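In mature numbering (1 follows the signal peptide of the UniProt record, and there is no 0), the protein residues as written are -18 to -1, 1 to 178.
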(Lines of atoms letter the chains of each structure in order from A and count residues from 1; the text may use other names and numbers.)
(Lines give C-alpha, C1' and ligand atoms only; values in the text may rest on other atoms or scores of the structure.)
Protein backbone atom coordinates (compact mmCIF):
# COMPACT_ATOMS: atom_id res chain seq x y z
CA UNK A 1 0.00 0.00 0.00
CA UNK A 2 2.85 2.39 0.83
CA UNK A 3 4.36 1.69 -2.58
CA UNK A 4 1.08 2.44 -4.34
CA UNK A 5 0.68 5.75 -2.48
CA UNK A 6 4.29 6.64 -3.27
CA UNK A 7 3.79 5.92 -7.01
CA UNK A 8 0.54 7.92 -7.13
CA UNK A 9 2.23 10.87 -5.40
CA UNK A 10 5.19 10.65 -7.76
CA UNK A 11 3.08 10.56 -10.92
CA UNK A 12 0.73 13.29 -9.71
CA UNK A 13 3.61 15.63 -8.85
CA UNK A 14 5.41 14.85 -12.14
CA UNK A 15 2.28 15.65 -14.16
CA UNK A 16 1.74 18.87 -12.22
CA UNK A 17 5.37 19.88 -12.70
CA UNK A 18 5.24 19.13 -16.45
CA UNK A 19 2.05 21.20 -16.78
CA UNK A 20 3.49 24.09 -14.78
CA UNK A 21 6.83 24.25 -16.57
CA UNK A 22 5.70 23.71 -20.16
CA UNK A 23 7.36 26.48 -22.23
CA UNK A 24 4.93 26.09 -25.15
CA UNK A 25 1.94 26.68 -22.87
CA UNK A 26 3.83 29.61 -21.35
CA UNK A 27 4.40 31.13 -24.80
CA UNK A 28 0.75 30.62 -25.83
CA UNK A 29 -0.44 32.16 -22.56
CA UNK A 30 1.84 35.19 -22.99
CA UNK A 31 4.17 34.33 -20.08
CA UNK A 32 7.20 34.00 -22.39
CA UNK A 33 8.08 35.78 -25.62
CA UNK A 34 10.45 34.88 -28.44
CA UNK A 35 12.96 37.63 -29.18
CA UNK A 36 15.02 38.02 -32.36
CA UNK A 37 18.07 40.30 -32.49
CA UNK A 38 20.44 41.59 -35.17
CA UNK A 39 23.60 43.42 -34.11
CA UNK A 40 26.16 45.37 -36.17
CA UNK A 41 29.39 46.92 -34.98
CA UNK A 42 33.12 46.45 -34.63
CA UNK A 43 35.36 43.73 -33.28
CA UNK A 44 39.01 43.46 -32.31
CA UNK A 45 41.03 40.22 -32.11
CA UNK A 46 43.96 40.70 -29.74
CA UNK A 47 46.75 39.15 -31.81
CA UNK A 48 46.33 41.41 -34.87
CA UNK A 49 44.81 44.37 -33.03
CA UNK A 50 42.83 45.30 -36.15
CA UNK A 51 39.36 46.74 -35.55
CA UNK A 52 36.90 45.64 -38.20
CA UNK A 53 33.31 44.56 -38.82
CA UNK A 54 31.53 42.29 -36.35
CA UNK A 55 27.90 41.29 -36.54
CA UNK A 56 25.57 38.85 -34.88
CA UNK A 57 22.08 37.38 -35.04
CA UNK A 58 20.30 35.63 -32.20
CA UNK A 59 17.00 34.10 -31.24
CA UNK A 60 16.00 33.75 -27.63
CA UNK A 61 13.28 33.45 -25.04
CA UNK A 62 12.40 36.05 -22.42
CA UNK A 63 9.58 36.25 -19.88
CA UNK A 64 6.92 38.87 -20.47
CA UNK A 65 8.40 40.83 -17.55
CA UNK A 66 11.74 40.85 -19.41
CA UNK A 67 14.10 40.46 -16.44
CA UNK A 68 16.25 37.80 -18.15
CA UNK A 69 16.81 36.32 -21.59
CA UNK A 70 18.33 33.06 -22.88
CA UNK A 71 19.54 33.07 -26.48
CA UNK A 72 21.24 31.11 -29.22
CA UNK A 73 23.68 33.39 -31.04
CA UNK A 74 25.77 33.41 -34.22
CA UNK A 75 28.60 35.98 -34.47
CA UNK A 76 30.90 36.76 -37.40
CA UNK A 77 34.13 38.73 -37.28
CA UNK A 78 36.63 39.26 -40.11
CA UNK A 79 39.62 41.60 -39.94
CA UNK A 80 41.04 40.56 -43.32
CA UNK A 81 43.65 38.32 -41.69
CA UNK A 82 41.54 36.18 -39.35
CA UNK A 83 37.91 35.20 -39.85
CA UNK A 84 35.81 33.97 -36.92
CA UNK A 85 32.48 32.13 -37.08
CA UNK A 86 31.11 31.73 -33.57
CA UNK A 87 28.01 29.89 -32.29
CA UNK A 88 26.98 30.15 -28.67
CA UNK A 89 24.37 29.99 -25.97
CA UNK A 90 24.08 32.89 -23.58
CA UNK A 91 22.05 34.62 -20.93
CA UNK A 92 21.29 38.28 -20.28
CA UNK A 93 20.12 39.43 -16.84
CA UNK A 94 18.96 42.95 -15.97
CA UNK A 95 20.69 44.74 -13.10
CA UNK A 96 17.29 45.81 -11.73
CA UNK A 97 13.90 44.12 -11.49
CA UNK A 98 12.04 47.21 -12.73
CA UNK A 99 13.15 48.00 -16.26
CA UNK A 100 10.36 49.77 -18.13
CA UNK A 101 12.10 51.98 -20.68
CA UNK A 102 15.88 51.82 -20.26
CA UNK A 103 17.99 49.22 -18.56
CA UNK A 104 21.54 48.03 -17.90
CA UNK A 105 22.19 44.29 -18.09
CA UNK A 106 25.05 41.81 -17.94
CA UNK A 107 25.70 38.85 -20.24
CA UNK A 108 27.47 35.50 -19.96
CA UNK A 109 27.74 32.63 -22.40
CA UNK A 110 29.57 29.64 -23.79
CA UNK A 111 30.73 29.55 -27.42
CA UNK A 112 32.17 27.35 -30.12
CA UNK A 113 34.30 29.23 -32.61
CA UNK A 114 35.88 28.33 -35.94
CA UNK A 115 38.94 30.37 -36.92
CA UNK A 116 40.33 30.76 -40.43
CA UNK A 117 43.76 32.26 -39.80
CA UNK A 118 45.51 33.81 -42.79
CA UNK A 119 48.29 36.02 -41.50
CA UNK A 120 49.37 36.95 -37.98
CA UNK A 121 51.35 40.04 -37.04
CA UNK A 122 53.69 39.55 -34.07
CA UNK A 123 56.35 42.10 -33.01
CA UNK A 124 56.10 43.86 -36.36
CA UNK A 125 56.66 40.65 -38.36
CA UNK A 126 53.92 39.23 -40.59
CA UNK A 127 53.60 35.41 -40.48
CA UNK A 128 51.68 33.63 -43.23
CA UNK A 129 49.98 30.96 -41.08
CA UNK A 130 47.14 29.73 -43.36
CA UNK A 131 45.63 27.42 -40.75
CA UNK A 132 42.13 26.57 -39.54
CA UNK A 133 41.27 25.78 -35.94
CA UNK A 134 38.34 25.68 -33.54
CA UNK A 135 37.83 26.10 -29.81
CA UNK A 136 35.27 26.41 -27.01
CA UNK A 137 35.40 29.45 -24.74
CA UNK A 138 33.33 31.69 -22.47
CA UNK A 139 32.19 35.25 -22.94
CA UNK A 140 30.98 38.02 -20.64
CA UNK A 141 29.73 41.52 -21.26
CA UNK A 142 27.44 44.40 -20.42
CA UNK A 143 24.71 46.16 -22.34
CA UNK A 144 22.33 49.11 -22.29
CA UNK A 145 18.81 48.62 -23.69
CA UNK A 146 16.19 51.23 -24.61
CA UNK A 147 12.63 49.95 -25.12
CA UNK A 148 10.90 52.04 -27.81
CA UNK A 149 7.72 49.97 -27.61
CA UNK A 150 6.67 46.82 -25.80
CA UNK A 151 7.89 44.80 -28.81
CA UNK A 152 10.89 46.76 -30.20
CA UNK A 153 14.12 47.85 -28.53
CA UNK A 154 17.64 48.93 -29.42
CA UNK A 155 20.73 48.22 -27.37
CA UNK A 156 24.49 48.70 -27.21
CA UNK A 157 26.57 45.72 -26.07
CA UNK A 158 30.22 45.22 -25.19
CA UNK A 159 31.24 41.56 -25.25
CA UNK A 160 34.55 39.99 -24.17
CA UNK A 161 35.22 36.54 -25.68
CA UNK A 162 38.05 34.63 -23.98
CA UNK A 163 39.34 32.83 -27.08
CA UNK A 164 42.99 32.06 -26.15
CA UNK A 165 43.26 29.55 -29.00
CA UNK A 166 46.75 28.64 -30.11
CA UNK A 167 47.52 28.11 -33.81
CA UNK A 168 50.66 26.43 -35.11
CA UNK A 169 52.98 27.83 -37.75
CA UNK A 170 56.07 26.09 -39.10
CA UNK A 171 58.76 28.57 -40.14
CA UNK A 172 60.60 26.91 -43.05
CA UNK A 173 63.44 29.45 -43.07
CA UNK A 174 64.26 29.04 -39.36
CA UNK A 175 63.16 25.35 -39.26
CA UNK A 176 61.13 26.13 -36.15
CA UNK A 177 57.49 25.63 -35.14
CA UNK A 178 55.83 28.66 -33.58
CA UNK A 179 52.57 28.75 -31.65
CA UNK A 180 50.50 31.93 -31.69
CA UNK A 181 47.87 32.67 -29.06
CA UNK A 182 44.96 34.47 -30.76
CA UNK A 183 44.06 36.19 -27.48
CA UNK A 184 40.62 37.59 -26.76
CA UNK A 185 37.96 38.86 -29.16
CA UNK A 186 36.14 42.03 -28.10
CA UNK A 187 33.02 43.31 -29.84
CA UNK A 188 30.97 46.49 -29.54
CA UNK A 189 27.62 46.33 -31.36
CA UNK A 190 24.42 48.30 -31.83
CA UNK A 191 21.47 45.89 -31.80
CA UNK A 192 17.86 45.87 -32.94
CA UNK A 193 15.49 43.44 -31.22
CA UNK A 194 11.87 42.48 -31.76
CA UNK A 195 9.70 40.40 -29.43
CA UNK A 196 7.13 38.06 -30.99
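Ideal placement from N, C-alpha and C gives every residue a C-beta, glycine not left out. Quantities reported herein were computed from a predicted structural model and do not represent experimental measurements.
| query | result |
| --- | --- |
| 4 or more residues per run - each alpha helix (DSSP H) lying fully within the region 59 to 91 | none |
| Nearest residue (CA-CA) to residue 139, options 159, 86 and 27 | 86 |
| First through last residue of the beta strand (DSSP E) which encompasses residue 125 | 107 to 129 |
| Outcome for residue 97 when other beta-carbon atoms lying within 10 angstroms are tallied against a minimum of 16 | buried |
| Beta-carbon proximity of residue 248 to residue 147, cut-off 8 Å | With the chain running from -18 to 178 in the structure shown, residue 248 is simply not present. |
| Cβ contact check for the region 87 to 94 and the region 61 to 77: 3 or more pairs under 8 Å | yes |
| Residue range of the unbroken beta strand (DSSP E) whose run includes residue 41 | 32 to 45 |
| Spatial neighbours of residue 117 in its chain, beta-carbon cut-off 7 Å, leaving aside the 5 residues before and after | 95, 145 and 147 |
| Bounding residues of the beta strand (DSSP E) (the contiguous stretch that carries residue 16) | 14 to 27 |
| Residue 149 vs residue 83 beta-carbon contact at 8 Å | no |
| Close Cβ partners of residue 141 (< 6 Å) along its chain, the five nearest in sequence each way excluded | 121, 123 and 169 |
| Own chain, CB closer than 7 Å to residue -3, minus 5 neighbours either side, in chain order | Because the pLDDT at residue -3 is just 44, under 50, the model does not fix this residue reliably, and the value given afterwards should be weighed accordingly. Result list for residue -3: empty, nothing under 7 Å. |
| Distance CB(residue 20)-CB(residue 39) smaller than 8 Å | yes |
| Beta carbon of residue 104 nearer than 8 Å to that of residue 89 | no |
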